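Heads up: the structure comes next, in structure tokens.
Residue numbers (the numbering used here): 297 to 382.
Pasting the structure below:
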């Protein structure tokens with residue numbers, strides 16, 4: 297499912313169990329590699345970082361997501377992902 301929500305980050309369709317942290321509608325801070333929710337890695341976000349060259353980043357992020365979802369790449373442990381957030 298693809299949701300195009302624009303530049304103000306707001307996800308009212310996600311409940312608090314998703315552990316998505318949005319700061320002032322401008323940043324999502326609880327994602328590993330700015331893509332994956334740590335508690336549910338099948339919930340992913342593409343294109344959130346800004347001040348970047350968008351389309352090459354989107355391409356790289358979708359390739360990474362595809363590799364994870366097809367089990368070509370394994371995400372690190374939950375503890376390692378949480379450490380990445382710090």
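Idealized CB from N, CA, C, for every residue including glycine.
Computed from a predicted model, the values in this text were never measured in an experiment.
What separation, rounded to the nearest whole angstrom, lies between the Cα atoms of residue i and residue j?
i	j	result
residue 366	residue 356	15 Å
residue 352	residue 312	31 Å
Between residue i and residue j, how many whole angstroms is the CB-CB distance? I'm expecting something under 8 Å.
i	j	result
residue 354	residue 342	6 Å
residue 316	residue 333	7 Å
residue 347	residue 381	With 8 Å as the limit, residue 347 and residue 381 do not qualify as a contact, their Cβ atoms being about 20 Å apart.
With distances taken Cα to Cα, identify the nearest neighbour of residue i among the options.
i	options	result
residue 309	379, 339 and 350	339
residue 322	331, 329 and 305	305
residue 376	362, 335, 363 and 360	335
residue 320	358, 307 and 330	307
residue 361	373, 303 and 328	328
residue 374	331, 303 and 337	337
With respect to 8 Å, is the separation between the Cβ of residue i and the closest non-hydrogen atom of the ligand MN below this value?
i	result
residue 326	Here there are no bound small molecules, and the ligand MN is not part of this structure.
| message | Going residue by residue through the segment 298-357, where are the continuous beta strand (DSSP E) segments of at least 3 residues, counting only ones entirely within it? | response | none
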